[in-house]
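Peer 1:
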Amino acid sequence: MSVQGPSLRRRALLLGGAAAAVGGGTAAALAARGDGADVAPVAAPPVGAETVPFHGVHQPGIDTHPAQAHAVFLALDLLPGTGRPEVERLLRLLSDDAARLMSARPPLAAEDPELPALPSRLTVTFGFGPGLFDALGRGGDCPAVVRELPAFPTDRLDPRWSGGDLLLQVCSDDPVPLSYAVRRLVRDARSITSVRWTQRGFNPARGSEPVGTTPRNLFGQRDGTANPAPGSPELSEAVWVRDGPSWLVGGSMLVLRRIRMDLDTWDDFGRVGKEMATARRLDTGAPVTGGGEFDEVDPRMVDERGMPVVAASAHVVRAKARNPAERMLRRGYSYDDGPAPDGTPDAGQLFAAYQADAATAFVPVQARLAESDVMNLWITHVGSAVFVIPPGCAAGEFVGNGLLGA
Ligand code: HEM
Numbered sequence: 002m003s004v005q006g007p008s009l010r011r012r013a014l015l016l017g018g019a020a021a022a023v024g025g026g027t028a029a030a031l032a033a034r035g036d037g038a039d040v041a042p043v044a045a046p047p048v049g050a051e052t053v054p055f056h057g058v059h060q061p062g063i064d065t066h067p068a069q070a071h072a073v074f075l076a077l078d079l080l081p082g083t084g085r086p087e088v089e090r091l092l093r094l095l096s097d098d099a100a101r102l103m104s105a106r107p108p109l110a111a112e113d114p115e116l117p118a119l120p121s122r123l124t125v126t127f128g129f130g131p132g133l134f135d136a137l138g139r140g141g142d143c144p145a146v147v148r149e150l151p152a153f154p155t156d157r158l159d160p161r162w163s164g165g166d167l168l169l170q171v172c173s174d175d176p177v178p179l180s181y182a183v184r185r186l187v188r189d190a191r192s193i194t195s196v197r198w199t200q201r202g203f204n205p206a207r208g209s210e211p212v213g214t215t216p217r218n219l220f221g222q223r224d225g226t227a228n229p230a231p232g233s234p235e236l237s238e239a240v241w242v243r244d245g246p247s248w249l250v251g252g253s254m255l256v257l258r259r260i261r262m263d264l265d266t267w268d269d270f271g272r273v274g275k276e277m278a279t280a281r282r283l284d285t286g287a288p289v290t291g292g293g294e295f296d297e298v299d300p301r302m303v304d305e306r307g308m309p310v311v312a313a314s315a316h317v318v319r320a321k322a323r324n325p326a327e328r329m330l331r332r333g334y335s336y337d338d339g340p341a342p343d344g345t346p347d348a349g350q351l352f353a354a355y356q357a358d359a360a361t362a363f364v365p366v367q368a369r370l371a372e373s374d375v376m377n378l379w380i381t382h383v384g385s386a387v388f389v390i391p392p393g394c395a396a397g398e399f400v401g402n403g404l405l406g407a
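With the working numbering applied, the sequence shown covers 2 to 407.
Here it is as structure tokens:
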């Protein structure tokens, strides 16, 4: 299976854009109908063939943009008695599997080339929890914030969605190769691990809106608008570790919170109130204080009676970074595991935030939100896990080789 070249990808993008502009459908379909006069009759290659490189300075699946439509976050626990040699063998094997799967090949010794053949931008990202550091005899190297987050007053955490020694984050635009990748990775890990939890998430389908459109969450909000721009220096500074031990430079930290969203009471709340919760409009994501989606909310604006337009406890007012160290990249996924037998929804967000240091980013921001945030009327944090995301690796190396070799 060959990897698509950039010119082919660019052409696919252009053709896709042209087709969308005249009302949807592919360029090939338009040409077949005979009404795509100015569109070349070239079939766009399937998005399934698109790949993301595994090897690099950073691990994939974090600044991979746009976020793929599907994700599985899966936490493994190391079996008792697992030590350094076993952890090294595991990380070597899983890194090799990930490199193969992401380039449309089955793992070594697997004989089913059809399932991984169309990875649809499959990415595999590894995260290390405190138990992995302990198994290496390097417990002191695990950052304190990864070992334990402070307890926030609004937390209602369930151990079944919390913690974990080794995170597998697997993303793809297609749930079929994603399922295959998760299954094969877990299969190769299960001699020395057990599965602690699995959480599946989704975003709007690839192609449902033009590339780069901010996804909608299950409240119907555009979610991710104020993120640092893809490829920007702000994103690099927010996400990647620059100062720290050499095994961590180029890495990051992931805070994954399972946040239940009370969709029944949200449904019944008026639209004006819903928009006041974030101070952004539901249709466009633009601030209620005016401007376009990517403009900032003006928390000082007053109406004709001199009353503030934006509540001081609006989500974005409370969440906005107050210094550069608070910045993070939010790359969340919706989940829907319901309905319960009584018909109530069991849905929400797998809130995934990447930052160079969760102690200076997630912790102070979440402390403010737990203290006061209109959105707390409808959201409850029910799961929590924090992982060190080691830097990426070069071909022939494995993720974590800096830590194990250091
Ligand atoms: C289910 C839970 C949540 C929902 C539905 C939600 C939704 C939103 C929405 C709709 C926005 C405005 C658009 C945007 O910039 O993305 C926003 C902004 C933001 N949220 Fe959340 N959010 C949730 C939880 C959190 C949590 C737990 C944090 C961090 C601890 C957080 C941090 C932020 C930040 C930093 C912004 C951007 C603020 C700005 O600079 O304007 N959110 N969120």
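Ideal Cβ placement from N, Cα and C applies to all residues, glycine included.
Only a predicted model underlies this, so the values are computations on that prediction, with no experimental measurement involved.
#1: Looking at the unbroken alpha helix (DSSP H) that takes in residue 367, where does it start and where does it end?
#2: Among the residues of its own chain, which have a CB less than 8 Å from the CB of residue 156, if the five just before and after it don't count?
#3: Would you mind reading off the limits of the alpha helix (DSSP H) that contains residue 134?
#4: For residue 352, I'd like the list of residues in its chain whose CB is within less than 6 Å of its CB, leaving aside the five on either flank, ordered along the chain.
#5: What are the residues that DSSP puts in a beta bridge with residue 128?
#6: Quick one: complete beta strand (DSSP E) runs, 3+ long, within the segment 283–313?
#7: Give me the Cα-Cα distance between residue 217 and residue 280, rounded to the nearest whole angstrom.
#8: Check whether the Cβ of residue 316 sits closer than 8 Å to any heavy atom of ligand 3, and report yes or no.
#9: Just checking residue 75 against ligand 1 - is the residue's beta carbon closer than 8 Å to any of the ligand's heavy atoms?
#10: Rounded to whole angstroms, what is the Cα-Cα separation between residue 375 and residue 315?
#11: For a test of the three-state rule: what should DSSP assign to residue 329, helix, strand or coil?
#12: Give me the Cβ distance between residue 117 and residue 94, rounded to the nearest whole Å; I'm assuming they're in contact under 8 Å.
#13: Using a threshold of 8 Å, is the CB atom of residue 286 nearer than that to any non-hydrogen atom of ligand 1?
#14: Please state the DSSP three-state secondary structure of residue 268.
#15: Return yes when at least one heavy atom of ligand 1 lies under 8 Å from the C-beta of residue 250, else no.
#16: Taking residue 103 as part of the alpha helix (DSSP H), name the residues at either end of that continuous run.
#17: Would residue 88 pass as a contact of residue 405 if the rule is Cβ separation under 9 Å?
#18: Any contact between the segment 66–86 and the segment 160–179? By contact I mean 3 or more CB pairs, one from each, below 8 Å.
#19: May I ask you to verify whether the segment 308–325 touches the segment 333–344, counting CB pairs closer than 8 Å and requiring at least 3?
#20: Start and end of the beta strand (DSSP E) containing residue 382?
#21: Which partner residues does residue 201 have in the DSSP bridge list?
#22: Regarding residue 382 and ligand 1, is the C-beta to nearest heavy atom distance less than 8 Å?
#23: Could you tell me which of 358, 250 and 189 sits nearest to residue 110, measuring between CA atoms?
#24: Do residue 98 and residue 185 have their CB atoms nearer than 9 Å?
#25: Exposed or buried, which one is residue 328 when buried takes at least 16 other CB atoms within 10 Å?
#26: Please name the residue, chosen from 299, 160, 209 and 295, that lies closest to residue 277 on a Cα-to-Cα basis.
#27: Is there at least one non-hydrogen atom of ligand 1 closer than 8 Å to the beta-carbon of residue 366?
#28: Please report how far the alpha carbon of residue 248 lies from the alpha carbon of residue 200, in whole angstroms.
#29: How long is the line joining the alpha carbons of residue 345 and residue 267, rounded to whole angstroms?
#30: Count the other C-beta atoms from every protein chain shown that fall within 10 angstroms of the C-beta of residue 306, then say buried if there are 16 or more, exposed otherwise.
#31: Am I right that residue 388 and residue 187 are in contact with their C-beta atoms under 8 Å? What's the rounded C-beta distance?
#32: Looking at ligand 1, does it come within less than 8 Å of residue 282, judged from the CB to the closest heavy atom?
#33: Which same chain residues, not among the five before or five after residue 380, have their C-beta less than 6 Å away from its C-beta?
#34: Looking at residue 372 and ligand 1, is the gap between the Cβ and the nearest heavy atom below 8 Å?
#35: On a Cα-Cα basis, can you pick out the residue from 205, 215 and 134 that is closest to residue 403?
#36: For the pair the segment 226–235 and the segment 356–367, tell me if three or more CB-CB distances fall below 8 Å.
Peer 2: Inspection of the coordinates gives the following:
#1: Start at 1 with the first residue of the sequence shown, and residue 367 comes out as number 366. Segment 363–372, the alpha helix (DSSP H) holding residue 367.
#2: As a first step, residue 156 must be located in the sequence shown, where it is residue number 155. The answer, listed in chain order, is 371, 382 and 385.
#3: Residue numbering aside, residue 134 sits at position 133 when the sequence shown is read from its first letter. In the DSSP assignment, residue 134 falls within the unbroken alpha helix (DSSP H) covering 131–136.
#4: Translated into positions along the sequence shown, residue 352 becomes position 351. Here residue 352 has 258, 260 and 333 as same chain residues with Cβ atoms under 6 Å from its own Cβ, once five neighbours each way along the sequence are excluded.
#5: Within the sequence shown, the letter at position 127 stands for residue 128. DSSP, once it has assigned bridges, lists 168 as partnering residue 128.
#6: Every candidate beta strand (DSSP E) stretch fails here, since none sits fully inside the segment 283–313 while reaching 3 residues.
#7: Numbered from its first residue, the sequence shown carries residue 217 at position 216. Numbered from its first residue, the sequence shown carries residue 280 at position 279. The C-alpha of residue 217 lies about 16 Å from the C-alpha of residue 280.
#8: Because ligand 3 does not appear in the structure shown, any question about it cannot be addressed here, the ligands present being ligand 1.
#9: As a first step, residue 75 must be located in the sequence shown, where it is residue number 74. Checking the Cβ of residue 75 against ligand 1 gives no.
#10: Reading the sequence shown from its first residue, position 374 is the one you call residue 375. Reading the sequence shown from its first residue, position 314 is the one you call residue 315. So the two alpha carbons sit approximately 6 Å from each other.
#11: The residue you call residue 329 lines up with position 328 of the sequence shown. Here residue 329 carries a coil assignment [DSSP, helix/strand/coil].
#12: Here residue 117 is taken as the residue at index 116 of the sequence shown, counted from 1. Here residue 94 is taken as the residue at index 93 of the sequence shown, counted from 1. Incorrect: roughly 16 Å between the Cβ atoms, too far for contact.
#13: Along the sequence shown, read from residue 1 onward, the residue named residue 286 stands at position 285. Yes, ligand 1 has a heavy atom inside 8 Å of this Cβ.
#14: Here residue 268 is taken as the residue at index 267 of the sequence shown, counted from 1. Three-state result, residue 268: helix.
#15: The residue you call residue 250 lines up with position 249 of the sequence shown. No.
#16: As a first step, residue 103 must be located in the sequence shown, where it is residue number 102. Here the alpha helix (DSSP H) through residue 103 covers 85–103.
#17: Against the sequence shown, residue 88 aligns to sequence position 87. Against the sequence shown, residue 405 aligns to sequence position 404. In contact: residue 88 and residue 405 (Cβ atoms closer than 9 Å).
#18: Yes, they touch.
#19: By the Cβ test, the segment 308–325 is not in contact with the segment 333–344, since fewer than three Cβ pairs between them sit closer than 8 Å.
#20: Residue numbering aside, residue 382 sits at position 381 when the sequence shown is read from its first letter. Residues 380–390.
#21: On the sequence shown, residue 201 is found 200 positions in, with the first residue counted as 1. Looking at the DSSP assignment, residue 201 forms a beta bridge with 73.
#22: Taking the first residue of the sequence shown as position 1, residue 382 is located at position 381. Yes, the beta carbon of residue 382 sits closer than 8 Å to at least one heavy atom of ligand 1.
#23: Stepping through the sequence shown from its first residue, residue 110 is reached at position 109. Considering only alpha carbons, the answer is 189.
#24: As a first step, residue 98 is located in the sequence shown; it is residue number 97 there, counting from the start. As a first step, residue 185 is located in the sequence shown; it is residue number 184 there, counting from the start. Pairing residue 98 with residue 185 gives a Cβ-Cβ distance under 9 Å.
#25: Position 327 of the sequence shown, counting from 1, holds the residue named residue 328. So residue 328 counts as buried.
#26: Taking the sequence shown and counting its residues from 1, the one referred to as residue 277 is at position 276. The option with the nearest alpha carbon to residue 277 is 299.
#27: Looking up residue 366 in the sequence shown gives position 365. True, at least one ligand heavy atom lies under 8 Å from that Cβ.
#28: Locating residue 248 in the sequence shown gives position 247, counting from the first residue. Locating residue 200 in the sequence shown gives position 199, counting from the first residue. Using only the alpha carbons, I get a separation of about 28 Å.
#29: Translated into the one-based positions of the sequence shown, residue 345 becomes position 344. Translated into the one-based positions of the sequence shown, residue 267 becomes position 266. So the two alpha carbons sit approximately 13 Å from each other.
#30: In the sequence shown, residue 306 corresponds to position 305, counting from 1. Looking at its Cβ environment, which holds fewer than 16 other Cβ atoms inside 10 Å, residue 306 is exposed.
#31: Against the sequence shown, residue 388 aligns to sequence position 387. Against the sequence shown, residue 187 aligns to sequence position 186. By a beta-carbon distance limit of 8 Å, residue 388 does not contact residue 187. Their separation comes to about 17 Å.
#32: Position 281 of the sequence shown holds residue 282. False, no ligand heavy atom lies under 8 Å from that Cβ.
#33: As a first step, residue 380 must be located in the sequence shown, where it is residue number 379. The residues are 260 and 262.
#34: Numbered from its first residue, the sequence shown carries residue 372 at position 371. Checking every heavy atom of ligand 1 against the Cβ of residue 372, none is found closer than 8 Å.
#35: Residue 403 sits at position 402 when you count from the first residue of the sequence shown. Of the listed residues, the one whose Cα sits closest to residue 403 is 134.
#36: The segment 356–367 and the segment 226–235 do not touch, with fewer than three beta-carbon pairs separated by less than 8 Å.
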